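For the sequence shown, position 201 matches number 201 in this note's numbering, and the numbering has no gaps at all. Ideal Cβ positions, reconstructed from N, Cα and C, are used throughout, including at glycine. Here the structure is a predicted model, which is why all the values come from computation and not from measurement. Each remark here refers to the structure printed beneath this line.
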Amino acid sequence: MFSFDLFTHSLFLAQDAAPVGGFSSLALMNQLINGIGIVGILLLTGLGLAITFGVMRIINLAHGEFIMLGAYITFLLQSVFNMDLLLTIPFAFLGTAIIGGFTEMTIIRRLYGRPLETLLATWGLSIVLQGVVKLIFTAQLKYVRAPSYISGNLSLINNADGSPAVAISYYRLFIIGVALLLLALTAYLLYNTDFGRQVRAVTQNRSMAKCLGVNTGMVDMVTFAYGCGLAGIAGSVISSLKSVSPPMGQDYLVDAWMTVVTGGVDRLIGVFAGAFLIGQSNAVLAYLFNDPTARVLVLAAVIVLIRYRPEGLFTVQKRA
């Protein structure tokens, strides 16, 4: 069942933002500014999936669970070492990347070229990961503290009485900043490093790359681990927006898939385009109508787009 829990749990969209008397440009602007937070979350959660699916063509239904693992690593470090959320991000990346690399070597590596088996295996993996987390941390909700220095709101436009008319929280700015930084870093690694060239070579022609001396097994393992590490960072960053629980990753899985397939699975710019279009479209439609109607309209638009342009908005031109 399709889920838009992402758009509701953090109160990024106020359903009563539109004034009863009619249109308000300031209220609409406030909705668009608040929509930036949704764009950041979609970009964060979709970026790791763009690596595992867009680059490696692996249908990873356990992507949400790697987001969940990143959130639990942050919770554990805060509980045991009283560590700041920002300091937990590298550990969330390393922890989920190690688990992802082990998963690729033991499960995924035997299923390349068999999408149905990969889908079933990763679905089973998601159930196992949720069960293991429940055994370790129980099913009770956990909470992560946001740093005090990125709390509060940045007022952009004030009313006549001095109250903020258009404002955005510092935490939303932090989310979009981290997302853009990871997007730029990933683009640099894929298109400006030797390892990135090896990844693209293996993706385009695995047999030829292997004949030319590329260690395809190592490339596959590191690439999958990196995608899982990005999911762990997403879980760490968004852990303070909602309670941390074993099934929390399912709230983000469908939204991440929708972001990737809307923008196009072959281009990183497509992930940003998909996140921006979906996030801001939901913001505008929620203002003009209401939040449930906005969800239905956005979903319908994505279905129509996939029907008539299954490769997404951006795709790599390939020789026939």
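query                                                                                                        : result
Residue span of the alpha helix (DSSP H) that contains valine 178, given as start and end                    : 170-191
As assigned by DSSP and simplified to three states, the class of asparagine 30                               : helix
Any chain D beta carbon closer than 8 angstroms to aspartate 255                                             : Among the chains of the structure shown, chain D does not appear; only one protein chain is present.
Residue of Phe276, Met68, Ala283 and Gly213 minimising C-alpha distance to glutamine 130                     : Met68
Backbone secondary structure at proline 164 - three-state DSSP                                               : strand
Beta-carbon spacing of proline 115, isoleucine 59 below 8 angstroms                                          : yes
Asparagine 282 - DSSP class collapsed to helix/strand/coil                                                   : helix
Counterpart residues of isoleucine 157 in DSSP-defined beta bridges                                          : Val166
Valine 166 vs asparagine 282 beta-carbon contact at 8 angstroms                                              : no
Lysine 134, DSSP secondary structure in three states                                                         : helix
Enclosing alpha helix (DSSP H) for serine 79 [first to last residue]                                         : 63-81
As assigned by DSSP and simplified to three states, the class of valine 128                                  : helix
Residue closest to glycine 37, alpha-carbon to alpha-carbon, out of Leu76, Ala225 and Leu277                 : Leu277
Exposure of leucine 212, with buried meaning 16 or more beta-carbon neighbours within 10 Å                   : exposed
Given threonine 216 as reference, the closest of Gly100, Trp123, Ile73 and Gly196 once Cα atoms are compared : Gly196
Distance CB(glutamine 280)-CB(leucine 32) smaller than 8 angstroms                                           : yes
N- and C-terminal bounds of the alpha helix (DSSP H) containing glycine 235                                  : 216-238
Local Cβ density within 10 Å of alanine 275, reported as buried at 16 or more and exposed below that         : buried
Presumed contact (8 angstroms Cβ cut-off) between alanine 97 and glycine 70, rounded CB distance             : In fact, because the Cβ distance is near 10 angstroms, the residues do not count as touching under 8 angstroms.
Where valine 244 sits in the DSSP three-state scheme                                                         : strand
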